[in-house]
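Written below as structure tokens is the structure these notes are about.
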Amino acid sequence: MKYSYFPGCTLHTQTKNFNDSIKSTSAILDIELEELKDWQCCGAVYPLTTDSAMGLVSPYRSLQKAHECGNNLVTVCSACYNVLKRTNLTVANDGEIRTKLSNYMDVDEYAGESKVLHLLEAMRENNGFGIIKEKTINPLKGLKVAPYYGCLLLRPSKELKFDDPENPTIFEEFIKSIGAVAVDFPNRIECCGAYVSITSQRKVKGASESILKSASNREADIIITSCPLCYHNLAKEQERLEKDDYTFKPIPILYFTQLLALALGLEVESCGFESNKIDARPILKSKGLIYRGDA
Amino acid sequence: MKKIGVFVCWCGLNISSTVDVGKASEELKNYPGVFYADDYKYLCSDPGQELIKKTIIDNKLEGIVVAACSPNMHESTFRAAAEAAGLNPYRVEITNIREQTSWVHSNKEDATIKAIQLIKATVEKVKKSEDLFPQQIPLTKKVLVIGGGISGMTVALEVAEAGYPVILVEKEPQIGGNMAKLSETFPTLDCASCILTPKTAEVGRHSNITLMTNSEVVESSGYFGNFTVKIKRKPTFVDWEKCIGCMLCQEKCPKKTNSDFEHGMGKRKAISVAFPQAIPYRPIINEKECIYFKTGKCKMCVKVCPVDCIEFEQLENIVEENIGAIVVASGYELLPKEKLSEYGQGKYADVIDGMQFERIASASGPTEGVIRRPSDGKIPQSIVFIQCAGSRDNQKDRPYCSKICCMYTAKHAMLYKHQVHDGTATVFYMDIRAGGKGYEEFVQRAIEDDHVLYLRGRVARVYEEDGKLVVLGVDTLSSEQVRIEADLVVLATAVIPSEKAKVLGQTLKVGTDAYGFFNEAHPKLRPVESMTKGVFLAGCAQAPRDIPETVSQATGAAAKVITMFSKNHLVSDPQVAKVNEKICVGCLQCEPICPYKAIEPETIEVRIGHTVEKRQVATINKGLCQGCGACSVACRSGAMNLSGFSNEQILEELKALCL
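First to last, the protein sequences are chains F and Y. Residue numbering for the first sequence follows numbering that gives the first Met the number 0, starting at 0 and increasing by one per position. Residue numbering for the second sequence follows numbering that gives the first Met the number 0, starting at 0 and increasing by one per position.
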């Protein structure tokens with residue numbers, strides 16, 4: 000399957016390991032991702048003001064371009080996914096906004112004909128989890144993985160239709176397909192604090208701390224996520240917890256494609272573990288899942 | 000040309016403030032065919048009706064138009080007045096200048112023009128109207144009640160007491176419905192069985208009631224006063240006539256299975272009766288669980304039965320009954336917990352629903368009335384009750400209020416506190432809706448005397464941790480997030496219609512709303528009738544409601560049936576379809592279109608010159624026809640016509656409006 004690919008700002012800067020592991024793994028899984036030419040910011044936040052279309056200009060441009068290429072659009076960052084998918088729905092349903100946007104940008108009118116998919120959805124669409132299971136060379140046996148969904152992937156559920164917002168299972172399916180064990184932890188769909196980290200560290204602290212502790216209580220070896228923002232908030236909070244709370248045992252946080260890369264038998268060096276704030280390699284080594292790599 | 004009178008009603012200020020009624024009647028005076036036109040303040044008043052009568056007689060009018068409110072309101076009033084003056088009532092037509100004109104417009108000038116146009120169109124219609132005469136239809140004075148819960152039983156007993164035969168059909172092997180499963184009832188805390196069993200016993204022994212349990216209505220045809228229904232009697236594998244109810248079979252049966260009656264809280268034997276006071280007190284074999292049906296061996300029940308009444312080879316049979324009226328009392332179910340993923344989606348044994356709590360609190364339940372949690376049988380020290388679990392929730396597509404939950408949750412919390420004095424009961428609520436006699440006082444008693452903690456807010460999540468259920472919620476009055484560790488969580492899940500209600504609705508041709516509750520004919524004025532004549536509604540089949548309300552509505556439905564049966568024959572509306580056999584080509588395109596199955600083919604003999612030929616035409620069953628007019632639209636030759644709304648009349652109306 001061929002898709003247009005929208006990486007989003009962070010994947011080309013702070014989270015190159017995410018981008019690299021997506022590219023290397025999707026190649027194995029026959030998911031062809033063609034990066035959009037000169038893409039720009041997704042808009043970062045879906046605008047909730049109904050009388051202003053300005054916030055939709057940026058996502059509309061990306062969507063319109065992907066449609067010109069004739070492909071459905073795949074993205075991975077939860078925030079990008081949220082903004083792009085909701086914008087796609089808005090322009091499909093609201094002719095007035097659509098006309099306004101295309102006139103403003105002087106482009107052909109686009110009415111939401113293409114689909115916006117998260118990489119996980121793109122996998123699910125074509126029995127991807129079955130294929131992953133088949134192509135898994137190095138099943139991550141005994142590795143307890145806590146899937147952290149966050150909120151932007153799931154809500155608003157009637158618009159995103161990603162999964163059951165209260166009891167999602169797509170990450171669990173993914174974890175199963177790479178041979179690991181999914182840890183059921185109660186805070187897997189709570190908000191990490193999101194953009195509030197810019198204005199109030201204190202509020203994010205509470206939100207992220209409960210997520211980390213809840214995963215830790217359920218004895219997770221690793222937390223996976225698909226969202227650079229969640230990653231940032233959780234990692235930052237973990238740094239603080241390490242300093243302040245001597246009872247807390249830090250848990251490596253990874254992007255799901257990093258584990259996928261390992262399971263598909265790629266070299267440890269290409270999984271990008273060295274860029275994670277907490278190195279996952281010691282725990283992977285102790286489980287006998289890797290033999291090399293400095294740790 | 001006919002002499003037509005026009006009466007324009009002011010309806011106080013309702014019409015006259017937006018429509019210039021004086022101008023309208025003046026203008027109509029000069030309209031061709033109009034012999035008399037006037038306006039009056041309240042035509043529906045006694046003097047107003049007198050005016051109409053007098054005018055008809057004095058002027059020898061041959062048709063009248065009353066421009067007033069909707070024909071739903073006063074058509075019958077004015078038709079009766081005309082009849083009293085010697086005019087055929089079907090020569091009276093109403094122009095709706097209130098709901099369709101004055102109430103929906105604000106510009107007086109335009110509204111007046113519209114009203115005049117509409118009245119003129121109606122005058123044209125009346126010019127073409129004919130005398131119509133109602134027909135008498137025979138009536139079978141026997142009622143079918145579907146559902147043997149408290150509503151169905153109430154209807155059955157009332158009608159039976161009035162002296163008419165009743166057939167009570169219940170899908171379960173015993174009657175009593177959901178009420179039989181309840182422990183105590185609000186707001187008096189009297190035990191549900193104590194007030195229900197006298198009713199069930201009376202239904203069981205009443206000479207006018209034929210009880211058909213373990214049965215379902217599968218087909219219905221005919222029309223009001225004369226229905227024919229087919230009832231499927233499912234096999235019980237026990238000859239209930241022979242059986243003496245000794246229950247030795249139940250005692251000795253080696254196979255235990257889950258009991259539907261206990262809602263997963265308790266077990267029953269493969270051959271058993273659901274509960275000790277069941278009526279009829281006869282056992283039934285669960286075909287899916289019975290060892291004999293699975294392996295061909297066992298037959299323990301056959302060995303112990305003293306009267307030899309076990310019949311493994313029993314088959315289902317269909318019985319046909321002729322009846323005059325149907326009362327639908329098919330009851331309710333609860334939204335499955337599996338739909339509520341935030342509360343564990345049925346994952347945790349100790350998250351139960353209201354009905355399950357009723358069973359563990361019931362003296363005849365699996366714990367003999369001691370409130371124990373299902374997972375390990377411990378007596379819970381802390382219970383959290385979550386109201387509006389699924390109800391009033393657009394996300395769950397159940398935006399309605401289930402009405403009974405506020406009260407039964409207060410009752411549950413109270414029953415628990417009466418047993419476990421040092422336990423804590425916490426209730427999360429959105430609003431407390433305790434409208435009913437003694438209801439608010441009951442809730443206050445729970446809060447003040449029994450110290451039940453009421454927190455206003457929703458619960459975000461329930462999960463298990465270290466053998467406890469952690470409930471995360473919010474108290475919106477203090478704006479605090481709350482975390483409560485509970486031993487048991489009780490969900491007041493949404494009331495939904497019985498699973499088979501939709502299919503039953505299709506069988507009986509009665510409409511249901513978006514959620515599957517049966518639609519009443521009018522939400523305020525005809526709450527116990529359905530849109531299908533002769534089919535009445537009672538209890539939770541129509542909407543969620545509590546026992547007192549159910550009983551009152553059921554009594555109302557029974558009264559409707561008794562009123563219907565008090566006459567020796569029924570009178571049909573003559574405004575039904577009729578076929579012009581001369582031009583009907585017998586194509587029968589109308590037959591599948593008719594929603595009431597009132598059209599059938601008929602062979603008639605026609606004389607052409609000297610020969611007599613046989614020819615097929617459509618014919619109408621005037622009892623079944625409801626006058627919807629669908630056939631007249633579908634008819635290619637124009638042979639089908641609706642009396643009172645003939646093609647000719649409607650065309651004249653359109654001409655007056657558009658040309």
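Backbone N, C-alpha and C define an ideal beta-carbon position, used for all residues, glycine too. Treat the numbers as computed from the prediction; the structure is a model and nothing was measured.
Per the DSSP calculation, Gln588 of chain Y is bridged to which residue(s)?
Answer by DSSP bridge pairing: none, since Gln588 of chain Y is not bridged.
Note down, one range per segment and in chain order, each alpha helix (DSSP H) of at least 4 residues found wholly within the region 462 to 515 of chain Y.
500 to 507
is_contact[Asp162 of chain F, chain Y] using C-beta, thresh 8 angstroms:
no
For Lys52 of chain Y, I'd like the list of residues in its chain whose CB is within less than 7 angstroms of its CB, leaving aside the five on either flank, ordered along the chain.
Ala80, Ala83 and Ala84
How about Ser636 of chain Y and Val560 of chain Y: do their beta carbons lie closer than 8 angstroms?
no
Pick out whichever of Y:Cys43, Y:Glu123 and Y:Pro186 has its Cα sitting closest to the Cα of Arg444 of chain Y.
Y:Pro186
Compare the C-alpha of Gly231 of chain Y against each of Y:Glu320, Y:Val158, Y:Cys252 and Y:Lys287 and name the closest.
A small correction: the amino acid at residue 231 of chain Y is Lys; Gly does not occupy that position in the sequence shown. Of Y:Glu320, Y:Val158, Y:Cys252 and Y:Lys287, the residue nearest in Cα terms is Y:Glu320.
Could you give the C-beta distance for Val228 of chain Y and Pro282 of chain Y, rounded to a whole number, given that I count them as a contact under 8 angstroms?
27 angstroms between Cβ atoms; not a contact.
From Val527 of chain Y to Glu548 of chain Y, what distance separates their C-alpha atoms?
12 angstroms
Please classify Phe714 of chain Y: does DSSP put it in a helix, a strand, or coil?
Residue 714 of chain Y falls outside the range modelled here, since chain Y spans only 0 to 658, and no answer is possible.
Please state if the CB of Ala121 of chain F and the CB of Ala91 of chain F are separated by a distance shorter than 8 angstroms.
Not a contact, by the Cβ cut-off of 8 angstroms.
Mind checking which residues open and close the beta strand (DSSP E) that includes Ile230 of chain Y?
Asn225 to Arg232
Note the first and the last residue of the continuous alpha helix (DSSP H) segment covering Asn87 of chain F.
Ser77 to Asn92
If I follow the unbroken beta strand (DSSP E) through Asp19 of chain F, where does it start and stop?
It is not in any beta strand (DSSP E) - Asp19 of chain F instead sits in the alpha helix (DSSP H) that spans Lys15 to Ile27.
On the DSSP bridge assignment, give the partners of Glu604 of chain Y in chain order.
Y:Lys613
Report the three-state DSSP secondary structure of Val442 of chain Y (helix, strand or coil).
helix
Minimum Cβ-Cβ distance from Glu165 of chain F to chain Y less than 8 angstroms:
yes
Go through its chain and collect everything with a Cβ distance to Trp38 of chain F's Cβ below 7 angstroms, but skip five positions before and after it.
Phe5 and Ser61
Could you spell out where the alpha helix (DSSP H) holding Val56 of chain F opens and where it closes?
Val56 to Cys68
8 angstroms Cβ cutoff, Glu310 of chain Y in contact with chain F:
No - not a single Cβ of chain F is within 8 angstroms of the one on Glu310 of chain Y.
Apply the 10 Å Cβ neighbour rule to Ile309 of chain Y and answer buried if 16 or more other Cβ atoms are within range, or exposed otherwise.
buried
Are the C-beta of Tyr462 of chain Y and some C-beta of chain F separated by less than 8 angstroms?
yes
Using C-beta distances below 8 angstroms, list every residue in its chain close to Arg397 of chain Y, excluding the 5 sequence neighbours before and after it, in chain order.
Leu334, Gly389, Ser390, Arg391, Ala493, Ile495 and Tyr514
Rounded Cβ spacing between Val570 of chain Y and Ile619 of chain Y (contact assumed at less than 8 angstroms):
Not really, about 17 angstroms apart at Cβ, beyond 8 angstroms.
Whole-Å CB distance - Asp375 of chain Y paired with Lys416 of chain Y, under 8 angstroms assumed:
22 angstroms between Cβ atoms; not a contact.
What whole-angstrom Cβ distance do Leu32 of chain F and Lys22 of chain F have, given they're in contact under 8 angstroms?
7 angstroms
Cβ distance (whole Å) where Ser225 of chain F is taken to contact Leu152 of chain F below 8 angstroms
Correct: roughly 7 angstroms between the Cβ atoms.
Beta carbon proximity, Pro185 of chain F to chain Y, threshold 8 angstroms:
yes
So that I know if they touch, is there some Cβ in chain F lying closer than 8 angstroms to that of Gln344 of chain Y?
Chain F places a beta carbon closer than 8 angstroms to that of Gln344 of chain Y, counting this residue as a contact.
Taking the alpha helix (DSSP H) that Glu120 of chain F falls in, what are its first and last residues?
Where Glu120 of chain F is concerned, the enclosing alpha helix (DSSP H) stretches over Leu118 to Glu124.
Any idea if Asn177 of chain Y is buried or exposed, counting beta-carbon neighbours within 10 angstroms, 16 or more meaning buried?
Burial state of Asn177 of chain Y is buried, judged by a 10 Å Cβ sphere holding 16 or more other Cβ atoms.
Can you give me the Cβ contacts of Met413 of chain Y inside the same chain, cut-off strictly under 6 angstroms, excluding the 5 residues immediately before and after it?
Ala445 and Asp449
Measuring alpha carbon to alpha carbon, tell me which of Y:Gln355, Y:Glu464 and Y:Lys254 ends up nearest Lys296 of chain Y.
Y:Lys254
Write down the C-beta distance between Lys170 of chain Y and Ser220 of chain Y rounded to the nearest angstrom, noting that I regard them as a contact closer than 8 angstroms.
Not really, about 21 angstroms apart at Cβ, beyond 8 angstroms.
Beta-carbon spacing of Val182 of chain F, Gly141 of chain F below 8 angstroms:
no
Quick check on Ser631 of chain Y: does DSSP put it in helix, strand or coil?
DSSP places Ser631 of chain Y in helix when its eight states are reduced to three.
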